[in-house]
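A short write-up of the structure that comes next.
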Amino acid sequence: MMAHYLPAESDSCKLSEDLGPVGQLQFSQSQQSQGSIDESLSLMEQQQLSAVATVSAGSLIWSRPSDIGSVTPERKNSLSLPPSTYKPPTMLCVQELYLQHERQTQRSVSSALQEEDESGPDWFRNMDPSTNAVMKEDIKGDVGELKLNSHFDPLPLGVEIDVFSESVFGETNNKQQFNHSIRSIITRTSVTLSPSKSAGHFDDDIDKSFDRRSERMLSYLFERERIDDARWKPVILKLARNIASTMKIDVAKRRDSMNILTYVHVKKLVIEKEESSAEVIWGVVCSKSVAHDSMSSSLREASVMIVAGSIEYERVQGKLSSLEPIICQEGEFLAKQVERILSRRPSILLVEGGVSRVASELLRKAGVRLVVNVRACVLHRVARSTGADILPSSDAQLIQQNIGFCPSFSQRSIKLKDGRHKLLLVFDECPSDRGCSIILKGQNIRELKAVKRILLFMTSLIYSSQLEKAFLNMFNTRLAYQISNCDVCEARRENIDHQTTKSDFECALIESVLCTSPFLDYEPPFLETPKGRSKFFVIRSCSLLPYFKQPLYRFGTKEDFDLRKCDEETEIIIRNEDKYMILDQTRQNDVLDPYVHQRVAVLFGSFSPKSPNAPYFCVRPWVVSMEFYADHDMTLGEFLTKYCFNKSYECPSSNCEIPMLDHSRKLVYGRVCVEVMTQIVVQNSVEDTGFTSCGSDGQILAWHYCPRQVLFEINNVFCGIIHSNISSCKASSPVVALGMDVWHLSFGKYLDYLANSAFSKAGITTPASQECSHCFFHQQTHFYSLSNFVTTFKVSPIRPFHVQFSPMLCKAQPHQYSKQALLDGVTRMASLADEIIQTADDHLRLFTEHDHYTQYAGTFHTVLKQLLEKTIALVSDKRKYAEELKRIDRIVISSNDVYAVKANETLMEIREAIYQLITTWNDQSTVLGATISEINLERIEDPFPSYLHLGLKLQPRVGVVVRDIQDPRGNFKPDIGSIIAYALSAADYETNKFKECRRKQRQASGGEEIALNLNSNSVALDEAVIAAEHLEIEFQDSQASYYVKVHYFLIAYYAERFRLLRKLLFVEGEEAFIRSLSQSTFWTPQGGKSGSFFYRTQDDRFVVKQMSRFEIQSFVKFAPNYFEYIKTAVTENKLTTLCKVYGVFRVGYKSRTTQLKVDILVMEYLFYKHNVSQVWDLKGSLRNRMASTKSSSDLVLLDENLMKDLWNKQLYVYPHSKAALNQAISNDSHFLSSQVFY
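According to the UniProt record's numbering, the sequence shown is numbered sequentially starting from 1.
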């Protein structure tokens, strides 16, 4: 992943964000109290990856130091709100939400609930709500168990990752697919180099490779700063190389700062009529002058004394005394002080504070050059360069103080461009390894500022390059220009060297130079790769792309650089006039600025299975932002010495007393996870671990070992068969001593190499004398030892997942039917109708031949004859559709096609006509047999199953058949989905009932028409008006009585508004929604403890869930705001994780054997058309949250299952996914908190 696209971060933000394990979100020091975990794919998360489009107007920045996708509500000065103030929940701050809740809770809905409970027919009102218990027991019957693998095994990074994977977060491939992927990599023959490498050939001499990259970096900086490189490039490059190679940093012995720039000081002098130049002073240059002009001459071999305080006589305040004794005491005191100073024979005296006139005169007479009011930072630089100690005050003992030595001291007077003269003190020819100062002269102050910035930056880069080269040369590591078997390298290479059209960002990235190492190339972030930015599903577009503002990642162009140059020049002019202006923030927003790429953000955490904290972390993962050789960084030697080879280093957790030697630490960065473990080696072992020698005390040894497996293919020339053999590589390097240059290498830079380096080899061989073909950085294990301590750096690839949100617009993918299947269905039903009609006609003919027919049964014959003719006419009319279907020139027809819909309706209408014929015939036969015993009318057998309630008349809007379904125990229970679908398809539901509902609303509101929409302010707060939106439908057949109370918001509320919501969310329309609900089955998801029963539609699009009393009461309270929130999320393209509810109903059912009274809701099925490999139901609690992992269908794991082995099975998500997830959670939490859901 692209790791370094970081603008300059503020001092107040030292932590960053990164990819995190799903289930424990976000790790940062400031949020450890929340128990959240956040794991990193790359440094992209350290900054504001993006303001998601619906939350912030700011552009999406690749990396920016702020909370990603979060909304910080403005803090109010008062907890009170104006009574008339009303805002939607999404616009309220936390305090306003609380006050709004206090007002809302005063409105009781209990009376509305009681009134609702008294509605409906008598059999329904008298039914006990607990009658749904029998449903719960029966649904929980035995279900066939399926064996599911609870082990999470993500794809290797070498395998292509699909944004729209069949699983929610990704799809797991098996070992066979993995081996196939490896084989495909091995058999590739074409070699494509990354753009940055193809620009020039890098030989085996890495010195030349680094030098070329440094020159490219310098040219790139000049281009960005708009400076003439012909004048300054040779000067800066020579100076930077000279300083980096001459100065020596000693962190181990002298306790120096690891940052070389601490000891490099640059002075800018704007002069006139002189060529631009740069002069290096091996010592110190400061803007000061000697106290006495007569002593301003140069001095050779000067001794330097430094005093931190002042040389003055301190008089007692508030005490009366005569003047003459004070003067005498002052003279005697200062004379003794000067005498003590002169006893050390200094030729130059630097004083931080002031010096009295008496002491100054005494020092002048003694020939000592005095410099007063010197800043503390200058004193420390002079002390380092000259070797002098800083005396705390002139009263301190001088016995132990070291006097510094300066080979050359002078005072220079420089005439500036404005005519003023600037005096400089120069301490030159000091030891060159201690520090230096550089004097830059030019005619343009803006140019000098830019040159200073570039010079310091290049000095730091070249110094780091020297240490990096020492590390690479330690094992003879070289780039290998070939297709590799390294998952990390290949995944990065595919994103960098793809053959598709590159975006503007990718082109700018190719042209940019972000580091001086030829081993490091940075890939673009996922949203800028072809997979991420594509808008076509077939090539795996990112579903979250529409939620981010464009451009996603801002980078500077030539026009931006020219504009910034003009702004800087204008700023200089304005500041000279003592004014102030705000500059354009191009540099801060430029993700391709090399200055902001000199850092990494790593996710650090520690764990020990022996700790009392297990299975939880001892140090919860938190993201540390390490700026190379600066904040939060340390040298590689320091890390090993302090945190690996140190027995006294204890676990930071207060609960853990286990030694750190028994801990494992992980640092996640980029595409890799680096696991650091330290062991005490008692006996050397080479065969399996690569441990060779532990060296002597004080000397760190290093080596690396390859534990990877190698696939060998042997061709049998006699049989023509290729045999495959897998064996361990076991290649180990020689043991080498860790040099001081490598000791001083930035630990952050070391991690940068482990994460972002291209495929490299170290030239080691296996025990079979074959060269190791594995990547030095990503596939081999690195060892460091001191005495009997051995520290292991094991690098493993990580596979980040995408977060897939439920689409705001619900779509149901149609089924595909063959035309012949539809035709056969209609034809078979018509043939069945013909058989029954023929049977009825034969029975009727025999009936007419009876002797007493004309006397007793003429009326029966007339009724049956008319019904028979009506059925014949209907079947004959419906047969025409079969002929029409034959003429269609299509083989496959979608289920939502008008022909498929009409075929299904035709089949149901024929079946209904047959059933009516059979039912009427049999009823007449029963009546006739009871009336006239002499005449027998033979009954017709019903060919349809009894679980179909065909006695309910098909509605003209949508044909729905109410049905019963069989539970796992063999008992038939009502299909609640079909009951609801039939109610929704009823004609009076669409017309008469709604008209009556609107009439009641007008009456309740005093004749005022209430606008019907999804806004919360359109819902009246009066209980009578709310009750008017209640809608009831009752229907029955010969088998059962049905009472459907359309709650559309709990107790039959908001029926019309739910219909509007479905119209907004379900693109296929109301009729498609009814057809989906018309057939459902029992569903028993694992993990739930509420005791609710579930149904799932046969097309898996919707779920019917039982609601508890508390859930209904809560839903009634926040229903209007829920409508508005979901509507806003759709219309304004806002992210939300809230489930979309498509209707709330109260269903009553009563038959001869079963009765039911239950409140249910219809919601979307989140895993629709997804092949989910593993499911967790996370509540944020660890109390009684362990699910059994025995094989079962739809296995759902809980919180404790996730935490049980989270250290070894951590889940990572892409930065843009985490930003979107954080934003959605922030949006939903803000809304739900306003509804009092804590």
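The C-beta atom is built at its ideal place from N, Cα and C for all residues, glycine as well.
Measure the C-alpha to C-alpha separation of residue i and residue j and round it to an integer number of angstroms.
{"i": "Val307", "j": "Ile390", "result": "6 Å"}
{"i": "Pro621", "j": "Val1213", "result": "15 Å"}
{"i": "Phe639", "j": "Lys1134", "result": "45 Å"}
{"i": "Thr791", "j": "Arg665", "result": "11 Å"}
{"i": "Phe1231", "j": "Glu1132", "result": "15 Å"}
{"i": "Thr187", "j": "Gly739", "result": "Residue confidence for Thr187 is low, a pLDDT of 36 falling below 50, so the modelled location carries little weight and cannot support an answer."}
{"i": "residue 1239", "j": "Ile249", "result": "What is shown of the chain runs 1 to 1238, which leaves residue 1239 out entirely."}
{"i": "Val143", "j": "Pro968", "result": "Its pLDDT being 36, under 50, Val143 is placed unreliably in this model, and the coordinates cannot settle the point."}
{"i": "Gln1223", "j": "Pro615", "result": "30 Å"}
{"i": "Glu1056", "j": "Lys1063", "result": "11 Å"}
{"i": "Phe801", "j": "Leu1211", "result": "8 Å"}
{"i": "Asp567", "j": "Asn788", "result": "60 Å"}
{"i": "Leu342", "j": "Arg384", "result": "22 Å"}
{"i": "Ser408", "j": "Gln699", "result": "39 Å"}
{"i": "Asp662", "j": "Lys267", "result": "51 Å"}
{"i": "Asp211", "j": "Leu520", "result": "14 Å"}
{"i": "Gln1235", "j": "Lys1179", "result": "19 Å"}
{"i": "Leu745", "j": "Phe1066", "result": "59 Å"}
{"i": "Asp590", "j": "Lys565", "result": "15 Å"}
{"i": "Arg241", "j": "Ser464", "result": "11 Å"}
{"i": "Lys953", "j": "Tyr947", "result": "15 Å"}
If you compare alpha carbons, which of the options is closest to residue i?
{"i": "Gln598", "options": "Glu909, Tyr753, Pro609, Leu552", "result": "Tyr753"}
{"i": "Arg575", "options": "Ile445, Met634, Leu456", "result": "Ile445"}
{"i": "Gln329", "options": "Arg381, Tyr313, Arg213", "result": "Tyr313"}
{"i": "Met295", "options": "Gly442, Val602, Arg369", "result": "Arg369"}
{"i": "Val736", "options": "Pro800, Phe471, Lys886", "result": "Phe471"}
{"i": "Glu361", "options": "Leu424, Val338, Glu771", "result": "Val338"}
{"i": "Lys549", "options": "Thr570, Ile414, Thr557, Leu527", "result": "Leu527"}
{"i": "Ile462", "options": "Ala812, Cys515, Thr1153, Tyr1168", "result": "Cys515"}
{"i": "Leu874", "options": "Asp889, Met908, Leu846", "result": "Met908"}
{"i": "Leu1198", "options": "Trp1176, Gly1180, Gln1210, Lys1218", "result": "Trp1176"}
{"i": "Lys441", "options": "Val742, His663, Val235, Ser728", "result": "Val235"}
{"i": "Pro525", "options": "Arg671, Glu883, Tyr947", "result": "Arg671"}
{"i": "Val958", "options": "Tyr1095, Leu1060, Gly1069", "result": "Gly1069"}
{"i": "Ala871", "options": "Gln916, Asp889, Leu844, Thr859", "result": "Note that residue 871 corresponds to Thr in the displayed sequence, not to Ala. For Thr871, the nearest C-alpha among the options comes from Gln916."}
{"i": "Pro594", "options": "Phe457, Leu603, Lys1105", "result": "Phe457"}
{"i": "Cys430", "options": "Trp282, Ile1126, Ala1220, Lys865", "result": "Trp282"}
{"i": "Leu928", "options": "Leu864, Asp964, Gln955", "result": "Leu864"}
What whole-angstrom Cβ distance do residue i and residue j have, given they're in contact under 8 Å?
{"i": "Gly404", "j": "Asn373", "result": "Rounded, the Cβ-Cβ distance is 19 Å, inconsistent with contact."}
{"i": "residue 1241", "j": "Ser806", "result": "Nothing about residue 1241 can be read from this structure; the chain reaches only from 1 to 1238."}
{"i": "Ala903", "j": "Val826", "result": "6 Å"}
{"i": "Thr529", "j": "Val264", "result": "Actually they are not in contact, since the Cβ atoms of Thr529 and Val264 sit about 39 Å apart, beyond 8 Å."}
{"i": "Glu215", "j": "Leu237", "result": "7 Å"}
{"i": "Cys489", "j": "Phe793", "result": "That belief does not hold up - the Cβ atoms of Cys489 and Phe793 are roughly 17 Å apart, past 8 Å."}
{"i": "Val285", "j": "Ser413", "result": "Not really, about 13 Å apart at Cβ, beyond 8 Å."}
Which residues share a DSSP beta bridge with residue i?
{"i": "Gln466", "result": "According to DSSP, Gln466 bridges with nothing at all."}
{"i": "Met808", "result": "In the DSSP output, where bridge partners are listed per residue, Met808 has none listed."}
{"i": "Ile414", "result": "Lys422"}
{"i": "Val1067", "result": "DSSP lists no partner for Val1067."}
{"i": "Asp964", "result": "Pro974"}
{"i": "Ala702", "result": "Val736, Tyr784"}
{"i": "Ala601", "result": "Ser625"}
Could you tell me if the beta carbon of residue i falls within a distance shorter than 7 Å of some heavy atom in the ligand GTP?
{"i": "Ile836", "result": "As for the ligand GTP, it is missing from this structure, which has no ligand bound."}
message: Just to confirm the assignment: which complete beta strand (DSSP E) runs, minimum length 3, are found wholly within the segment 264-308?
response: Here the runs fully enclosed are 264-270, 277-281, 284-286, 299-307.
Alpha helix (DSSP H) runs wholly inside the segment 435-497, at least 4 long, in chain order: The qualifying runs are 445-474, 487-496.
Runs of alpha helix (DSSP H) lying entirely within the segment 224-268, each at least 4 residues, in chain order: For the segment 224-268, whole alpha helix (DSSP H) runs of length 4 or above, ordered along the chain, are 229-246.
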